[in-house]
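Residue numbers (our numbering), protein chains in the order written: chain A, 263 to 441; chain B, 84 to 202; chain C, 2 to 574.
We put the beta carbon where it would ideally sit given N, CA and C, even for glycine.
For reference, the structure discussed in these notes is given below.
Rendered as structure tokens:
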């Protein structure tokens with residue numbers, strides 16, 4: 263069908279991820295609309311931390327796409343460097359998340375305290391898992407890219423990373439802004 | 084479509100300024116954070132979710148290169164989203180009405196936060 | 002990850018030890034057979050459980066040979082295990098994964114899947130899921146007893162299901178299995194899109210490959226919400242959330258929706274490959290072109306799409322919005338149109354053909370006949386009005402066994418007996434095959450026709466001991482008849498197993514193309530070596546050119562160049 267096999271497979275991965283996140287976010291939206299009382303809970307979440315994390319992920323998406331650009335020009339080492347920046351972005355995201363969760367859990371907002379918090383931890387946790395998986399794969403891709411090998415993988419992992427970014431773009435208003 | 088594909092393969096002909104896209108995304112992020120400060124529900128919804136859709140579109144369009152990808156890839160993603168909308172549409176008549184349609188609920192739902200959000 | 006696998010796929014053409022060759026192989030044929038044998042072993046578990054609980058229903062309270070007395074909790078666990086094993090660990094791996102892995106590269110004329118190591122990972126995850134499910138038999142409380150649909154609160158709260166560990170292990174096993182099939186499905190779709198033989202256009206692809214790829218697509222698009230739901234249910238079971246618990250503001254009906262949004266398309270996920278297998282067998286043994294090849298494909302696509310809009314017909318009595326019940330009645334009745342069309346197409350394929358009643362052909366014909374009964378009885382259940390009366394009775398049970406048994410067993414037997422020569426290079430015994438066929442088909446009808454009657458007579462499903470319902474005592478004779486049918490059915494299966502194993506080593510040597518069929522897998526030697534084809538085939542025509550006028554032979558393989566009008570390239574029988 264005219265698409266390189268690796269990229270084609272990544273698009274199918276993204277397609278299957280759309281329905282996984284669609285299932286959990288769809289459930290959340292339906293519950294949220296029928297529980298006005300959740301606004302109070304949502305007010306507890308730290309909007310600034312969420313906004314900072316959005317900024318981090320958007321920036322890591324930028325480095326991912328710049329890595330792709332470098333890979334297309336055949337500049338493997340530069341692509342690897344930019345991928346490492348992207349991984350660093352993912353790491354920052356997870357650290358901020360860890361601080362947020364520690365604060366919230368230590369203030370009694372645990373996964374079982376209310377359905378809002380259940381969704382908060384499960385949806386963000388599932389997303390965080392995808393961030394971790396993406397970071398691990400990206401380290402492998404960066405290792406080969408550095409030697410100017412398998413440069414097409416830089417684009418493939420980039421597509422996946424942008425998708426993870428996309429999910430967060432929706433999680434941010436759903437969990438942090440809408441009050 | 085064919086010439087797009089070749090352009091993509093060579094990677095030289097598309098001139099998207101990624102930093103500019105990123106800057107626009109950051110501006111939109113600020114808008115979505117500032118929006119709720121007005122305290123008007125409609126404004127909040129538009130700045131939160133309207134802006135999120137625009138941001139998502141920009142990431143998909145420029146970063147994931149759906150602008151130069153084969154068109155059917157876009158269709159597949161849209162179809163997946165449409166299935167999700169259909170699913171939510173089919174479920175919501177039930178799940179949006181926890182109290183049901185024809186019966187009385189005999190117990191009180193616990194007050195918000197009382198479940199354990201004790202500070 | 003997947004691309005990573007591809008670069009290392011070049012190993013493996015040298016001699017390997019047993020473990021490397023059969024357990025850690027990346028060869029699609031070996032992986033296909035791994036899925037097949039795992040599925041067959043799991044079928045033994047599924048068969049044994051049904052034997053135990055059917056004996057309990059026919060002779061309540063008596064000792065069951067090989068088991069002992071059945072307790073109510075054991076009964077629940079047995080029913081649950083039977084349902085989940087037969088669907089998730091027999092029908093899915095055999096129909097999609099085994100046939101898909103074995104056939105896709107062979108029928109497309111390529112040397113392997115595009116991601117061989119991803120393929121191996123998919124099997125290993127699947128095996129792990131099967132082992133986790135088996136492990137749940139040995140935990141405190143026993144295996145999960147909340148039915149294969151796992152409705153909360155029964156599945157969420159150990160206080161109700163009494164199987165705290167079994168429930169969690171079951172959920173993890175099912176979720177892992179979904180991930181395995183997602184990986185496998187991505188591999189199938191990508192392979193079918195990108196590595197067809199030169200000259201093979203989209204409409205030269207054999208129906209069975211179309212069907213398996215479509216099934217993988219349907220699976221991929223429908224399973225996501227249930228994966229999300231399974232995570233939510235896992236947290237409900239183990240971490241004190243209340244997603245499906247009304248007391249905390251959750252909603253148990255949400256699970257039913259998420260489950261059936263997958264669960265109904267799942268029926269078509271296994272049905273489509275079965276229809277594909279039947280199409281291949283029927284055209285070969287009717288020596289006739291498939292009637293309306295493109296219509297079959299478009300009909301299958303239409304079925305796949307409509308299958309996403311029928312799910313709530315499983316929930317008519319769950320208190321769903323009555324307006325939605327009306328809507329889903331309409332969509333459910335609509336989906337019978339493309340399926341009926343498919344049946345007519347297959348019958349039209351038979352019309353005027355010169356039919357050879359080989360064992361695979363008998364199974365294919367039986368598929369049409371038996372599935373038709375399953376489809377027609379579904380009409381009563383698809384209409385909300387009548388479903389209210391039939392819901393959760395043995396009528397429902399008989400209905401879906403008339404769909405699933407043809408899918409998971411009849412079509413599988415058709416496929417196994419048809420492709421056995423390709424898999425192992427030897428023919429199966431026709432006489433034993435026919436004895437097994439008639440024994441199985443007759444016994445199958447003896448089981449389930451009585452169950453239609455007990456269901457219509459008021460027998461509710463999931464009842465452990467009917468002697469507690471004296472008003473239903475008149476139906477006991479039918480229940481015993483069904484159990485006797487089951488015993489006969491089970492008694493005939495060793496014939497197949499014997500035939501299978503014996504033919505593997507001592508059957509008549511088959512040659513490359515024993516059935517004189519057209520599709521590309523018959524161009525490879527039997528069994529195909531690593532890399533499949535000595536010389537990569539080129540495709541010149543569609544897959545069903547049988548009995549073409551003006552040719553000496555009544556078949557015209559896809560890979561034979563047109564400038565050789567006399568005979569197929571190789572002449573082996």
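Residue i and residue j closer than 8 Å at C-beta
i, j, result
"residue 106 of chain C", "residue 114 of chain C", "yes"
"residue 292 of chain A", "residue 115 of chain B", "no"
"residue 274 of chain A", "residue 221 of chain C", "yes"
"residue 73 of chain C", "residue 465 of chain C", "yes"
"residue 290 of chain A", "residue 428 of chain A", "no"
"residue 207 of chain C", "residue 281 of chain C", "yes"
"residue 381 of chain C", "residue 391 of chain C", "yes"
"residue 346 of chain A", "residue 417 of chain A", "no"
"residue 314 of chain A", "residue 358 of chain A", "yes"
"residue 78 of chain C", "residue 33 of chain C", "no"
"residue 510 of chain C", "residue 432 of chain C", "no"
"residue 227 of chain C", "residue 263 of chain C", "yes"
"residue 47 of chain C", "residue 538 of chain C", "no"
"residue 379 of chain C", "residue 284 of chain A", "no"
"residue 101 of chain B", "residue 328 of chain A", "yes"
"residue 120 of chain C", "residue 27 of chain C", "yes"
"residue 311 of chain C", "residue 265 of chain C", "yes"
Residue i, DSSP secondary structure in three states
i, result
"residue 372 of chain A", "coil"
"residue 462 of chain C", "coil"
"residue 242 of chain C", "coil"
"residue 420 of chain A", "helix"
"residue 69 of chain C", "strand"
"residue 99 of chain B", "coil"
"residue 539 of chain C", "coil"
"residue 144 of chain C", "strand"
"residue 549 of chain C", "coil"
"residue 510 of chain C", "strand"
"residue 55 of chain C", "helix"
"residue 352 of chain C", "coil"
"residue 382 of chain A", "helix"
"residue 517 of chain C", "coil"
"residue 427 of chain C", "strand"
Euclidean distance between Cα positions of residue i and residue j
i, j, result
"residue 119 of chain B", "residue 252 of chain C", "30 Å"
"residue 173 of chain C", "residue 508 of chain C", "41 Å"
"residue 430 of chain A", "residue 393 of chain A", "10 Å"
"residue 574 of chain C", "residue 361 of chain C", "Note that residue 574 of chain C scores 38 on pLDDT, short of 50, meaning its location in the model is unreliable and no value can be drawn from it."
"residue 554 of chain C", "residue 353 of chain C", "18 Å"
"residue 189 of chain C", "residue 269 of chain A", "15 Å"
"residue 563 of chain C", "residue 296 of chain C", "26 Å"
"residue 385 of chain A", "residue 284 of chain C", "49 Å"
"residue 152 of chain B", "residue 159 of chain B", "12 Å"
"residue 218 of chain C", "residue 186 of chain C", "7 Å"
"residue 139 of chain B", "residue 351 of chain A", "19 Å"
"residue 344 of chain C", "residue 369 of chain C", "7 Å"
"residue 355 of chain A", "residue 319 of chain A", "7 Å"
"residue 156 of chain C", "residue 534 of chain C", "50 Å"
"residue 71 of chain C", "residue 272 of chain A", "49 Å"
"residue 490 of chain C", "residue 147 of chain C", "27 Å"
Residue i beta carbon near the ligand MN (any heavy atom closer than 7 Å)
i, result
"residue 224 of chain C", "The ligand MN is not part of this structure, which contains no ligands at all."
* Unbroken stretches of the alpha helix (DSSP H), 4 residues or longer, contained in the stretch 116-140 of chain B -> 124-128
* On the three-pair Cβ rule with 8 Å, is the stretch 78-89 of chain C touching the stretch 473-490 of chain C? -> no
* **Touch test, the stretch 400-415 of chain A against the stretch 329-338 of chain A, Cβ-Cβ under 8 Å, three pairs minimum** => yes
* Report the residue ranges of all alpha helix (DSSP H) runs contained in full by the stretch 263-316 of chain C; include only those spanning at least 4 residues, in chain order. => 294-307
* Asked: Okay, do the stretch 396-404 of chain C and the stretch 456-465 of chain C touch, 3+ Cβ pairs below 8 Å being the bar?
  -> yes
* **Runs of beta strand (DSSP E) lying entirely within the stretch 163-232 of chain C, each at least 3 residues, in chain order** => none
* Sequence ranges, beta strand (DSSP E) only - wholly within the stretch 356-405 of chain C, length at least 3 -> Qualifying beta strand (DSSP E) stretches: none in this window.
* Asked: What runs of the alpha helix (DSSP H), each 4 residues or longer, lie entirely inside the stretch 306-358 of chain A?
  -> 309-334
* To do: Could you say if the stretch 258-277 of chain C and the stretch 226-235 of chain C meet the contact criterion of at least three C-beta pairs nearer than 8 Å?
  => yes
* Asked: Pairing CB atoms from the stretch 516-524 of chain C with CB atoms from the stretch 20-39 of chain C, are three or more of them under 8 Å?
  -> no
* Asked: Is the stretch 410-426 of chain C touching the stretch 332-352 of chain C, taking contact as three or more C-beta pairs under 8 Å?
  -> Result no; under three Cβ-Cβ pairs closer than 8 Å.
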